[in-house]
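Q: Our numbering numbers the first residue of the sequence shown as 22 and each following residue consecutively.
Each residue gets a CB set at the ideal place from its N, CA and C atoms; glycine is no exception.
Before we start, here is the structure in question, set down as structure tokens.
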Amino acid sequence: MAGLLPGVFGNGRKLIILRPLASEKDIDVAVKAARVAFKTTWGKNVTGFERSRLLNKLADLIERDKQERS
Numbered sequence: 022m023a024g025l026l027p028g029v030f031g032n033g034r035k036l037i038i039l040r041p042l043a044s045e046k047d048i049d050v051a052v053k054a055a056r057v058a059f060k061t062t063w064g065k066n067v068t069g070f071e072r073s074r075l076l077n078k079l080a081d082l083i084e085r086d087k088q089e090r091s
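Structure, rendered in structure tokens:
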């Protein structure tokens, strides 16, 4: 990892979380893994409809928990 990014409350005074920053190498590794997954299991074994359903569920979970993460 390239380092940590502090996260603070809206008033800007209290540190609540340290978030990892990604380096260029980290991003390259993640993109490569995503491409491999799509070309194998994710892309071949999961229909477009199912991928859509799963991604919408992920978006709902992110939305639900956004206050906790911020």
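Closest to Asp-47 by CA distance: which of Gly-24, Lys-60, Leu-79 and Glu-89 is it?
A: By 1-based counting over the sequence shown, the position of residue 47 is 26. For the residues Gly-24, Lys-60, Leu-79 and Glu-89, the minimum Cα distance to Asp-47 belongs to Gly-24.
Q: Residue range of the alpha helix (DSSP H) that Val-50 falls in?
A: Start at 1 with the first residue of the sequence shown, and residue 50 comes out as number 29. Where Val-50 is concerned, the enclosing alpha helix (DSSP H) stretches over 45-60.
Q: Would you mind reading off the limits of the alpha helix (DSSP H) that contains Lys-78?
A: Walking along the sequence shown from the start, residue 78 turns up at place 57. Here the alpha helix (DSSP H) through Lys-78 covers 69-85.
Q: Between the alpha carbons of Arg-85 and Gly-28, how many angstroms are there, rounded?
A: For the purposes of this step, residue 85 is identified with residue 64 of the sequence shown, where counting begins at 1. For the purposes of this step, residue 28 is identified with residue 7 of the sequence shown, where counting begins at 1. Cα to Cα, the separation comes out at about 19 Å.
Q: Work out the CA separation of Glu-89 and Ala-80 for me, nearest whole Å.
A: As a working note, residue 80 is residue 59 in the sequence shown. As a working note, residue 89 is residue 68 in the sequence shown. Going by the C-alpha atoms only, they are around 15 Å apart.
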